[in-house]
Amino acid sequence: MLSKSLIITLFLSMLSLTLFSKSKITIDKVEPSFWWVGMKNTTLQVMIHGDNISSTKPKIDYDGVVLKQSIQVTSPNYLVLYLEITEETLPGKVPIQFIVNGKTIHTIHYELKARESADNKNIGFDPSDVIYLLMPDRFANGDPSIDNVEGMTQKMDREEPYGRHGGDLKGILDHLDYFTDLGVTALWLNPVQENNSSEQSYHGYGMTDLYKIDPRFGTNQDYKELVKACHDNNLKVVMDLVFNHIGSDHWWMQDLPMSDWLNHQSYWEDGRKDSEYYGTNYQVTKQLDPYASKEDFDQNVEGWFTPKMPDLNQNNPILADYIIQNTIWWIEYAGLNGIRMDTFGYAYKSFASRWTREIMEEYPQFNIVGEILVKETPVASYFAGGANNLDGFDSFLPSVTDMPLSFAANAAFSPENDAPDWNSPMRQLANHLTQDYLFPDPYNLVTCLDNHDVNRVMSNLKDPERVKLALTFLLTTRGIPQIYYGTELLYEGFESDHASLRLDFPGGWDGDERSAFDQKGRTVIENDVFDYLKNILHWRKDNSAIHKGKLIHYIPNDDVYVYFRKTVEETVMIIINNNEEKVVTLDTSTFASAISGATKGKEIISGEEFSDISTIEIDGKKAMILELQ
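Each residue of the sequence shown is one higher than the one before, counting from 42 in the numbering used here.
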């Protein structure tokens, strides 16, 4: 018969084992999943998610790694660690122990990698580049085996205008020769991170995992290999990121870390009652409006972008650190050349400034363009880094989207614009550029004629010859040009119907009736515009006057715009006759100071040699690009 003391001892042992087994934890998320030694910012945030992980005490014993802070947040299923990675730290796997009642119940081995080096890694895009913007889901299907992936709620359906159509990273990789043949030098892909929502996930702006490529596009490794292949083909890569909002199906939304993780979080926590929904007013102008009401200002920065896109509260310091670190992770991991930050003007300004500053401190040769979708130059210039703003705001952005120029160019080249000569379309365009004094560096602005959010240029201008005029202007004026996929094929589409702006690229799918990737698959007019654009793009690659030259323009007369790009060594003269039919003869003595004694030149578009440029005749709806000699 067992003694009473032995029974008690056995009971306590069994109780201890039971309690220990209950304290076992399962970790389902570690973000970021790895990091690097040798970063300028030596502080690393590691967010860990697992059932009741906050009840544990973490411990680290690794030379050069110091656990500075372990933060328990509102949800018991998160633990946020802040590590110091000293300059002496060597690559390796850092054991992070999780301790309960003095016993280690779980250990993860967190990897610190050596940083990779490559010739094109993190070298930013600049005015020597032309960026080609494409929507991965609508470009090409290279791997049909991932069209429908288990766990992804929206399945492929090319008949659904707002559905998934099956484009992927392999499809882009398979057609790198198309980009190099056309002559662009950089690719901007609309977001490729996971968007696991039940509807309209194709565009990528409702991210559900910020550290993961959407499985219907490929894997993280596939993305990294695509960037390397682009670099091998002298193509830079710009990643599209969003720090203003996430998708409502993001994994956070099932277990929000803190009570202030989102702006107006009660809408979600109270069951998404319509009476509590608080959407943005989409008025970026409220960020700088000296007369803005508090209500209007707050709604701009705190309102949700849509009911399916929760607004992130970047005033939460843990979330702010997370977002900044996520950006750095992608830049370092993939070797990116630039970031296009979506909805830059919708975030808290103090955070936006900090985000940009810390990215550029880590990568001084990098480039970032912030999306500012407005028609007014003073509003766009407010968000440009180094702007002389009265309120002292500095975004530190190297570049912003020059959408005001896009709207001005579309208006100026429109056949419906028949203003008299004193305010002719070309004078309107030239006068628009006089506002460039508001930008600290107008040459680094990203310019375009259209993109995935606004009317396609062909729909505005309605005439291939006018599109060619507008493209000539885009590729020769100041700035970094961006071309939207399909513009070279005269795609049409309207902002009022986003699906029309985001059509599939012909030939990107097996069974397509034709392939626009090949000359024989394009129509006569498509080849005409493609070849026109290709000619200028390839010439532009090697012309330092376009890359670095000063812009000098003259007051347009007879709706003819003449301007120059000049360096000490080179002078390029651009002439655009915006008249429908009128032939204009120019006496070039009018442009003597810019011509600087040159007497002859070669016209790039036609290839014609001019032995005497004292007078130049140009037909209506024609442009000329002359390298002067």
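Cβ atoms here follow ideal geometry from the backbone N, Cα and C, with glycine treated the same way.
**Request:** Could you tell me the boundaries of the alpha helix (DSSP H) in which D628 lies?
**Result:** Translated into positions along the sequence shown, residue 628 becomes position 587. No alpha helix (DSSP H) contains D628, which is instead part of the beta strand (DSSP E) from 625-628.
**Request:** State the Cα-Cα distance for the pair D504 and E529, rounded to the nearest angstrom.
**Result:** What you label residue 504 is simply residue 463 of the sequence shown in a count that begins at 1. What you label residue 529 is simply residue 488 of the sequence shown in a count that begins at 1. Rounded to the nearest angstrom, the two C-alpha atoms are 13 Å apart.
**Request:** Could you tell me the distance, in whole angstroms, from the CA atom of M235 to the CA atom of N261?
**Result:** Translated into the one-based positions of the sequence shown, residue 235 becomes position 194. Translated into the one-based positions of the sequence shown, residue 261 becomes position 220. The residue asked about is misnamed: residue 235 is Glu in this sequence, not Met. Each residue's alpha carbon lies about 10 Å from the other.
**Request:** Return the bridge partner residues of L353 from the DSSP annotation.
**Result:** Within the sequence shown, numbered from 1, the residue matching residue 353 stands at position 312. Answer is L303.
**Item:** Residues near I616 by beta carbon distance below 6 Å, same chain, minus five either side
**Value:** Counting from 1 along the sequence shown, the entry for residue 616 is found at position 575. If we look at I616 and ignore the five residues flanking it on each side, its Cβ neighbours are V603, I659, M665.
**Buried versus exposed call for W463 [16 or more other C-beta atoms within 10 Å across all chains shown]** = Position 422 of the sequence shown holds residue 463. Exposed, since its Cβ has fewer than 16 Cβ neighbours within 10 Å.
**Prompt:** In chain order, what residues of the same chain lie with their CB nearer than 7 Å to the CB of G212, ignoring the 5 residues before and after it?
**Reply:** Taking the sequence shown and counting its residues from 1, one reaches residue 212 at position 171. Cβ neighbours of G212 beyond the five flanking positions: F180, A181, N182, G183, G549.
**Request:** State the start and end residues of the unbroken alpha helix (DSSP H) segment that holds H539.
**Result:** Stepping through the sequence shown from its first residue, residue 539 is reached at position 498. H539 -> alpha helix (DSSP H) spans 539-542.
**Request:** Taking I521 as part of the beta strand (DSSP E), name the residues at either end of that continuous run.
**Result:** Walking along the sequence shown from the start, residue 521 turns up at place 480. Its beta strand (DSSP E) spans residues 521-525.
**Beta bridge counterpart(s) of G534 as assigned by DSSP** = Position 493 of the sequence shown, counting from 1, holds the residue named residue 534. According to DSSP, which records beta bridges pairwise, G534 is partnered with nothing at all.
**Asked** Using 8 Å as the threshold, is the region 103-120 in touch with the region 75-93, meaning 3 or more CB pairs across them?
**Response** yes
**Request:** With DSSP collapsed to three states, give me the class of Q138.
**Result:** Residue mapping note: residue 138 aligns to position 97 of the sequence shown, counting from 1. Three-state DSSP puts Q138 in a strand.
**Range of the contiguous alpha helix (DSSP H) that encloses K589** = For this step, residue 589 is matched to residue 548 along the sequence shown. Unbroken alpha helix (DSSP H) run through K589: 585-589.
**Request:** To the nearest angstrom, report how far apart N354 and D301 are at their CA atoms.
**Result:** Working through the sequence shown from its first residue, we reach residue 354 at position 313. Working through the sequence shown from its first residue, we reach residue 301 at position 260. Whole-angstrom Cα-Cα distance: 7 Å.
**Request:** Go through the region 453-502 residue by residue and report every complete run of the beta strand (DSSP E) that reaches 3 residues or more, in order.
**Result:** 487-489
**Prompt:** For P461, is the classification buried or exposed, using 16 other Cβ atoms within 10 angstroms of its Cβ as the cut-off for buried?
**Reply:** Start at 1 with the first residue of the sequence shown, and residue 461 comes out as number 420. So P461 ends up on the exposed side.
**Prompt:** When you compare each of S647, N429, S447, F454 to D482 by their alpha carbons, which one comes out closest?
**Reply:** On the sequence shown, residue 482 is found 441 positions in, with the first residue counted as 1. The shortest Cα separation from D482 among S647, N429, S447, F454 belongs to N429.
**Message:** Just to confirm the assignment: which complete beta strand (DSSP E) runs, minimum length 3, are found wholly within the region 333-379?
**Reply:** none
**Message:** Using DSSP's beta-bridge definition, name the partner residues of K277.
**Reply:** Counting from one through the sequence shown, the residue named residue 277 turns up at place 236. DSSP, once it has assigned bridges, lists A227 as partnering K277.
**Nearest candidate by alpha-carbon position, reference S242, set G661, G288, L592, V171** = One-based indexing of the sequence shown puts residue 242 at position 201. The residue with the shortest Cα to Cα distance from S242 is G288.
**Message:** To the nearest angstrom, how far is the alpha carbon of Y173 from that of L108?
**Reply:** Along the sequence shown, one-based indexing puts residue 173 at 132. Along the sequence shown, one-based indexing puts residue 108 at 67. Approximately 44 Å, taken between the alpha carbons.
**Request:** Would you mind giving the Cβ-Cβ distance between D599 and V625, rounded to the nearest angstrom? I have them listed as a contact below 8 Å.
**Result:** Position 558 of the sequence shown, counted from the start, is the residue given in the question as residue 599. Position 584 of the sequence shown, counted from the start, is the residue given in the question as residue 625. D599 to V625, Cβ: 5 Å. Contact.
**Message:** On the DSSP letters alone, give me the boundaries of the alpha helix (DSSP H) that G212 sits inside.
**Reply:** Numbered from its first residue, the sequence shown carries residue 212 at position 171. Counting along the chain, the alpha helix (DSSP H) containing G212 begins and ends at 210-214.
**Inter-residue spacing [alpha-carbon to alpha-carbon] between L377 and S239** = Your numbering for residue 377 matches position 336 in the sequence shown. Your numbering for residue 239 matches position 198 in the sequence shown. Approximately 30 Å between the Cα atoms of the pair.
**Request:** Would you identify the three-state DSSP class for Q113, choosing helix, strand or coil?
**Result:** To locate residue 113, count along the sequence shown from 1; it is residue 72. In this structure, Q113 counts as coil in the three-state DSSP scheme.
**Request:** On a CA-only basis, which of T130, V106, G105, I140 is nearest N93? Give me that one, please.
**Result:** Within the sequence shown, numbered from 1, the residue matching residue 93 stands at position 52. For N93, the nearest C-alpha among the options comes from I140.
**Request:** Check each candidate in N275, M350, V441 and name the one with the smallest Cα separation from A393.
**Result:** Taking the first residue of the sequence shown as position 1, residue 393 is located at position 352. Residue V441 is the option with its Cα nearest to A393.
**Asked** Is K662 near R507, with beta carbons less than 8 Å apart?
**Response** Within the sequence shown, numbered from 1, the residue matching residue 662 stands at position 621. Within the sequence shown, numbered from 1, the residue matching residue 507 stands at position 466. For K662 and R507, yes; Cβs fall inside 8 Å.
**Asked** If you compare alpha carbons, which of P185, L210, I112 is closest to K98?
**Response** Numbered from 1 along the sequence shown, position 57 holds the residue referred to as residue 98. Of the listed residues, the one whose Cα sits closest to K98 is I112.
**Message:** Can you look up L153 in the DSSP assignment and give me helix, strand or coil?
**Reply:** As a working mapping, residue 153 is identified with position 112 in the sequence shown. DSSP places L153 in strand when its eight states are reduced to three.
**Message:** Quick check: the region 360-379 against the region 412-422, are at least 3 beta-carbon pairs closer than 8 Å?
**Reply:** no
**Request:** Look up F651 in the DSSP assignment and say whether it is helix, strand or coil.
**Result:** On the sequence shown, residue 651 is found 610 positions in, with the first residue counted as 1. Strand, per DSSP.
**Message:** Can you tell me where the beta strand (DSSP E) holding L120 begins and where it ends?
**Reply:** What you label residue 120 is simply residue 79 of the sequence shown in a count that begins at 1. Note, L120: beta strand (DSSP E), 119-126.
**Request:** Consult DSSP for Q560 and reduce its assignment to one of helix, strand or coil.
**Result:** Translated into positions along the sequence shown, residue 560 becomes position 519. Looking at Q560 - three-state DSSP - the assignment turns out to be helix.
**Asked** Of all the beta strand (DSSP E) runs that stay within the bounds of the region 590-624, which reach a length of 3 or more residues?
**Response** 591-594, 601-607, 612-618
**Message:** Please state the DSSP three-state secondary structure of I66.
**Reply:** Translated into positions along the sequence shown, residue 66 becomes position 25. Here I66 sits in coil by DSSP.
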